[in-house]
Every structure is written in C-alpha cells, then in structure tokens.
Amino acid sequence: MENSKLSLGSDWEEVKSKIKETNISITDEDLQYEKGREDELLERLSKKMKRSKEEVRAFIESVSVNKGLAG
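Mapped onto this note's numbering, the consecutive letters of the sequence shown carry residue numbers 4 to 74.
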C-alpha cells in the first residue's frame with residue numbers, strides 16, 4: 004500500500020472551503036476526510052477532478068499552505 008498521508012498546512016475545514024471555491028463540482032461528500040483514510044479521499048477526488056492521485060495530493064497540500072486562493 005502506498006503512503007497516502009497528507010501534509011496539511013492548515014485546518015481541513017479551511018482547506019475544504021478553498022477546494023470548493025476553485026472546483027464548484029466538488030461536494031462536501033467528495034471531501035469527506037478521516038485521518039488514516041487519505042487514500043479514499045485522494046481516490047474520490049482523482050476521479051472527480053480527472054487527475055492522478057499524486058496531482059490531487061499536490062493540489063491539496065498547495066491549497067493548505069496558501070493563504071489566498073489556489074489557482
């Protein structure tokens with residue numbers, strides 16, 4: 004099993020809000036996240052965003068450290 008741990012620079016609720024602002028098709032259900040179950044989150048978002056899990060991880064981590072909106 005691959006290491007799917009996310010390195011978040013801010014609270015998940017804040018990250019979630021930023022992701023939803025930049026991706027209006029993503030729902031709260033898509034963004035359900037529990038520590039230790041990162042792989043499930045990445046899998047859901049990779050399908051929804053049509054990107055690899057690594058690209059989704061990089062996007063989430065980028066959004067979590069940026070105080071402004073991610074682009």
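Note that CB positions come from ideal geometry on N, CA and C, so glycine has one too. All values reported here derive from a predicted model rather than from experimental measurement.
Out of the options, which one is the CA nearest neighbour of residue i?
i, options, result
"ASP42", "SER55, ASP31, THR30", "SER55"
"LEU48", "SER28, SER65, GLY39, SER67", "SER28"
"GLU3", "GLU58, LYS51, GLU57, LYS19", "This structure cannot settle anything about residue 3, because the visible part of the chain is limited to 4 through 74."
"LYS51", "ALA61, LEU34, ASN69, GLY39", "LEU34"
Does DSSP classify residue i as helix, strand or coil?
i, result
"ILE29", "coil"
"ASP42", "helix"
"GLU24", "helix"
To the nearest angstrom, how far is it from the Cα of residue i to the Cα of residue j?
i, j, result
"SER10", "GLU64", "6 Å"
"ALA61", "LYS53", "14 Å"
"GLY39", "LEU45", "12 Å"
Quick one: what's got a C-beta closer than 7 Å to residue i's C-beta in the same chain, skipping five residues either side?
i, result
"LYS8", "GLU41"
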